[in-house]
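**Student:** The structure that follows is given in the form of structure tokens.
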Amino acid sequence: MDPPPPRRRHSPEFDSLLVAGPRLGPLKQAHARLVVAGHGGSLPLVTKLATLAVAAGAAPYAHLLAASHPACDSFLLSSLARAAAHRGLPGEAIAFYGRLLAAALPFSSFAFTAAAKACADLSALRTGMAVHAHSVLLGFGSDGFVQTALVVLYSKCGQLPIARKLFDAIRDRSVVAWNAMISGYEQNGLAERAIEVYREMQVAQVVPDSATFVATLSACAQAGALDLGREVERRIVSDQMDVSVFLGSALVNMYARCGLVSKARDWFDRLQERNVVTWTSMIAGYGMHGHGREAIKLFHLMRREGPTPNDVTFVAVLAACAHAGLVNEGRNAFDSMKRVYGLVPRAEHYCSMVDMYGRAGLLDDTMQFIRDSIPEEPGPEVWTAMLGACKMHKNFNLGVEVAERLIALEPENPSHRVLLSNIYALSGKMNHVEKVRNVMIKRRLKKQIGYSLIELGGTSHLFRMGEKSHQQTREIYQYLEELIHRISDAGYVPETDSVLHELEEEEREVALRYHSEKLAVAYGLMMSSGSTAPIRVIKNLRICGDCHLAIKFMSSVENREIIVRDKHRFHHFKDGKCSCLEYWTFIISAILSIFYHPWHKVQTKPNSMQKLWKREHVGDKNIVALYRHLEFNFTMYCTPNLTLMRNKLLTRNV
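Numbering (my numbering), first residue to last: 225 to 878.
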């Protein structure tokens, strides 16, 4: 048997460049030695030197090297463009591409893929389209590497139809091409389409890699596709795949956003390496599930043992404080963000602070914060949070003022006018409601349509208000009617203020009955009779007050856990209680229990509270039902008042 050929050895000059590596100082010394030794004109050595200079972040030095060489060729400039694109210097990559074009040198697929990647990173669609046209002109339009880079480009620029057309045209799709299409859909908010592409990839028997699973898990998190997320997890474990920090963060995020925050924490604890994304995902997971104390505890652990928090981390922390009513903790976090870490608050941080103060009912403090702490004119997201607080705490005068500010900022946003209409309706100003609606009709502004999604057996079922297109509509409606009767016997009274005020009381109850959340929950309960597994529902908007109340009672009478993920957070309903601790409605209810007119002698009583609680307005039957509702959920918060209410009720002939 012949001995293997001897390994080719590099020249000492080339070895000196390898030793210098991507470090500018040693590279300049190596360059000086090359010139002294008479090798300064060697094109291969200059190419390696310039490429390492780009990797060191010294693109201007690489430009000088390329410009000063008398025989600068296509390979040198293509290598520099590729190195700059991978180093995160997209502007420099396009500059090297431009030099290659200006010199009229031959192009390669490396040059086009580097230029397309740079345009994608910059979201430079017009420049990317020029690169695309140039590649087709020179015969690279069917090159798989170039096509894949263009799929990434058009996906990142939001041009998904073009990206999909290019993807479909790739004859032999690599795993990188599949990953590009999955990520493209997921990053543009089309999680269901991303999942479809992953399923197509499975049918094509392409072996996925870690990047495939990261993109697919992100899509599962967005769509709430828990079954597929678990399937991906099993595949990762069975293949004994190395769980990188990116894959681990994706698993943490998927379980947190699919309602299993304890499973997310299990994966968080198992990871050997955690970056700032991992920590932030776990903190955000606790926050959206209403576990504010756990979120703050983890944040303090991160400050002691983990990476330095970034601005996204503080968004997650402040949101967690807002959802749990941790005002002091939120103030401290916001202060440390600026004072300790030197981070400049962005709109998201101000919005979270306004939301936190507003949910806690501190409307004066909220307005003071907006005036004193926000350096520029507050954006619409800040005023939207303020408007929600005004509606929650029934400060209608301030709410109208805030809504008018919002409409001035975004006159074509229908949600602002819908909120203004609701505030007018709640305050009884129906003539103003009519005016707002007429303006919306005239401008053809339509509110976002709400829907609820439930996944059973790997199949998603979508419901809208009054949905009748489902093949089991008749059975669903019959089951829901029976369920409404059962929870009514348990004390449920519809919150009819949630619907249009020009409807009669009975009509309002009917309008509330067929909200998408109730239909989805009813379908889930009907199809899983006898099971103890939680019912999981995703709502694209915020859950309404009546559905929140009804689902609490449903969880009690059916003895099932029901998990609803709405636009802002998770609600875990179990045994007639919700994990949000009624924070979004508790403040009002607790105050009402204190100011109950016949029983509590208070000199100053808000008119709206007197109206709601006067015996002649509510009626004895509803008083009992409302008391049961309060006792059921708020005993830990207002026990003295509830004890007073119980004693008074026992003495009444009801």
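Ideal Cβ placement from N, Cα and C applies to all residues, glycine included.
Taking only runs that begin and end inside the stretch 560 to 623, name each unbroken alpha helix (DSSP H) of 4 or more residues, in chain order.
**Tutor:** With a minimum length of 4 residues, the continuous alpha helix (DSSP H) runs that stay inside the stretch 560 to 623 are 571 to 583, 587 to 597 and 604 to 616.
**Student:** Would you decide whether Ser240 is buried or exposed? Buried here means 16 or more other CB atoms lie within 10 Å of its CB.
**Tutor:** One-based indexing of the sequence shown puts residue 240 at position 16. Its Cβ being crowded by 16 or more others within 10 Å, Ser240 is buried.
**Student:** Examine the Cβ distances between the stretch 681 to 694 and the stretch 770 to 790 and report whether three or more of them are shorter than 8 Å.
**Tutor:** No: fewer than three Cβ pairs fall under 8 Å.
**Student:** So does the stretch 588 to 595 actually touch the stretch 561 to 573, counting three or more Cβ pairs closer than 8 Å?
**Tutor:** Because the criterion of three Cβ pairs below 8 Å is not met, the stretch 588 to 595 and the stretch 561 to 573 do not touch.
**Student:** Which class does Gly843 belong to by DSSP, given the choice of helix, strand or coil?
**Tutor:** The sequence position of residue 843 within the sequence shown is 619, counting from 1. Its pLDDT being 41, under 50, Gly843 is placed unreliably by the model, and the measurement read from it follows with that caveat. In the structure shown, Gly843 sits in coil (DSSP, three-state: anything other than H, G, I, E or B).
**Student:** What whole-angstrom Cβ distance do Ala613 and Leu587 have, given they're in contact under 8 Å?
**Tutor:** Against the sequence shown, residue 613 aligns to sequence position 389. Against the sequence shown, residue 587 aligns to sequence position 363. Confirmed, about 6 Å.
**Student:** What's the C-alpha gap between Asp297 and Leu329?
**Tutor:** Working through the sequence shown from its first residue, we reach residue 297 at position 73. Working through the sequence shown from its first residue, we reach residue 329 at position 105. C-alpha separation (whole angstroms): 7 Å.
**Student:** Helix, strand or coil for His685 per DSSP?
**Tutor:** Taking the sequence shown and counting its residues from 1, the one referred to as residue 685 is at position 461. Note: His685 maps to strand in three-state DSSP.
**Student:** Measure the alpha-carbon distance for Ala540 versus Gly652 and round it to whole angstroms.
**Tutor:** In the sequence shown, residue 540 corresponds to position 316, counting from 1. In the sequence shown, residue 652 corresponds to position 428, counting from 1. Distance between the alpha carbons of Ala540 and Gly652: 37 Å.
**Student:** Exposed or buried, which one is Tyr820 when buried takes at least 16 other CB atoms within 10 Å?
**Tutor:** On the sequence shown, position 596 is the one that residue 820 refers to. Reliability of the predicted coordinates at Tyr820 is poor, the pLDDT of 33 falling under 50, and no value is obtained from them.
**Student:** Just to confirm, are Ala338 and Leu377 a CB contact at a threshold of 8 Å?
**Tutor:** Here residue 338 corresponds to residue number 114 of the sequence shown, with the count starting at 1. Here residue 377 corresponds to residue number 153 of the sequence shown, with the count starting at 1. Contact flag unset, no.
**Student:** Output yes or no for whether 8 Å exceeds the beta carbon distance between Ile520 and Leu542.
**Tutor:** The residue labelled residue 520 in the question sits at position 296 within the sequence shown. The residue labelled residue 542 in the question sits at position 318 within the sequence shown. Cβ atoms of Ile520 and Leu542: not closer than 8 Å.
**Student:** Cys482 by DSSP, collapsed to three states: which one?
**Tutor:** Counted from its first residue, the sequence shown places residue 482 at position 258. Cys482: coil per DSSP, three-state reduction.
**Student:** Considering only DSSP beta bridges, list what Ser676 is partnered with.
**Tutor:** Taking the sequence shown and counting its residues from 1, one reaches residue 676 at position 452. Phe687 and Lys763.
**Student:** Within a Cβ cutoff of 8 Å, which residues of the same chain sit near Asp433, ignoring the five residues on either side of it in sequence?
**Tutor:** As a working note, residue 433 is residue 209 in the sequence shown. Result list for Asp433: Val399 and Asn403, in chain order.
**Student:** In chain order, which continuous runs of the alpha helix (DSSP H) of length 4 or greater are located wholly inside the stretch 383 to 425?
**Tutor:** 384 to 393 and 399 to 411, all fully within the stretch 383 to 425.
**Student:** Which of the three DSSP states is assigned to Arg789 in this structure?
**Tutor:** As a first step, residue 789 must be located in the sequence shown, where it is residue number 565. Here Arg789 sits in strand by DSSP.
**Student:** So, does the stretch 692 to 707 touch the stretch 737 to 755, judging by three or more C-beta pairs under 8 Å?
**Tutor:** Short answer: they touch.
**Student:** Determine the DSSP secondary structure at His853, reduced to helix, strand or coil.
**Tutor:** Here residue 853 refers to the residue found at position 629 when the sequence shown is read from its first residue. Because the pLDDT at His853 is just 42, under 50, the model does not fix this residue reliably, and the point stays unresolved.
**Student:** Does Cys802 come out as helix, strand or coil in the three-state DSSP assignment?
**Tutor:** The sequence position of residue 802 within the sequence shown is 578, counting from 1. Here Cys802 sits in strand by DSSP.
**Student:** Assuming Arg247 and Ala280 make a contact with CB atoms under 8 Å, what is their CB distance in whole Å?
**Tutor:** What you label residue 247 is simply residue 23 of the sequence shown in a count that begins at 1. What you label residue 280 is simply residue 56 of the sequence shown in a count that begins at 1. Correct: roughly 6 Å between the Cβ atoms.
**Student:** Which same chain residues end up closer than 7 Å to Glu634 when comparing Cβ atoms and leaving out the 5 residues on each side of it in sequence?
**Tutor:** Translated into positions along the sequence shown, residue 634 becomes position 410. Around Glu634: Pro604 and His640.
**Student:** So the candidates are Cys343, Ile787 and Thr608; which of them puts its Cα closest to the Cα of Ala319?
**Tutor:** Walking along the sequence shown from the start, residue 319 turns up at place 95. Comparing Cα-Cα distances from Ala319 to each of Cys343, Ile787 and Thr608, the minimum goes to Cys343.
**Student:** On the CB-based measure, 16 or more other CB atoms within 10 Å of its CB, does Val431 come out buried or exposed?
**Tutor:** Your numbering for residue 431 matches position 207 in the sequence shown. Val431 comes out exposed.
**Student:** How many Å lie between Gln383 and Arg688 at the Cα?
**Tutor:** Residue mapping note: residue 383 aligns to position 159 of the sequence shown, counting from 1. Residue mapping note: residue 688 aligns to position 464 of the sequence shown, counting from 1. Looking at the two C-alpha atoms, the distance is approximately 29 Å.
**Student:** Excluding the five sequence neighbours on either side, which residues of its own chain have a C-beta within less than 6 Å of the C-beta of Leu242, listed in chain order?
**Tutor:** Translated into positions along the sequence shown, residue 242 becomes position 18. Cβ within range, chain order: n/a, list empty.
**Student:** Considering only the beta carbon of each residue, do Met616 and Arg570 sit closer than 8 Å?
**Tutor:** By 1-based counting over the sequence shown, the position of residue 616 is 392. By 1-based counting over the sequence shown, the position of residue 570 is 346. For Met616 and Arg570, no; Cβs fall outside 8 Å.
**Student:** What are the uninterrupted segments assigned as alpha helix (DSSP H) that are 4 or more residues long and contained completely in the stretch 243 to 286, given in chain order?
**Tutor:** Here the runs fully enclosed are 248 to 260 and 267 to 279.
**Student:** Going by CA-CA distance only, name the one from Asp559, Ala544, Ile786 and Asp713 that's closest to Asp579.
**Tutor:** Reading the sequence shown from its first residue, position 355 is the one you call residue 579. Here the closest residue by C-alpha is Ala544.
**Student:** Compute the distance between the beta-carbons of Val438 and Leu471, then report whether it is under 8 Å.
**Tutor:** In the sequence shown, the residue the question calls residue 438 occupies position 214. In the sequence shown, the residue the question calls residue 471 occupies position 247. In this structure, Leu471 lies closer than 8 Å to Val438 by Cβ.
**Student:** I need the DSSP call for Phe331, collapsed to helix, strand or coil.
**Tutor:** Taking the sequence shown and counting its residues from 1, the one referred to as residue 331 is at position 107. Coil, per DSSP.
**Student:** Is it true that the CB of Glu636 sits closer than 8 Å to the CB of Leu669?
**Tutor:** Here the question's residue 669 lines up with position 445 in the sequence shown. Here the question's residue 636 lines up with position 412 in the sequence shown. A contact, by the Cβ cut-off of 8 Å.
**Student:** Figure out for me which residue from Asp559, Arg423 and Val781 has the closest Cα to the Cα of Val716.
**Tutor:** Residue 716 sits at position 492 when you count from the first residue of the sequence shown. Here residue 716 turns out to be Tyr, not Val, going by the sequence shown. Of the listed residues, the one whose Cα sits closest to Tyr716 is Val781.
**Student:** Give me whichever residues DSSP pairs with His640 in a beta bridge.
**Tutor:** Residue numbering aside, residue 640 sits at position 416 when the sequence shown is read from its first letter. The partner list for His640 (beta bridge, DSSP) is empty, contrary to what the question assumes.
**Student:** Within a Cβ cutoff of 7 Å, which residues of the same chain sit near Pro236, ignoring the five residues on either side of it in sequence?
**Tutor:** In the sequence shown, counting from the first residue as 1, residue 236 sits at position 12. Here the set comprises nothing.
**Student:** Quick check on this structure: which residue in Gly511, Asn646, Ser755 and Lys671 has the alpha carbon closest to the alpha carbon of His795?
**Tutor:** Mapped onto the sequence shown, residue 795 falls at position 571. Among Gly511, Asn646, Ser755 and Lys671, the Cα nearest to that of His795 belongs to Gly511.
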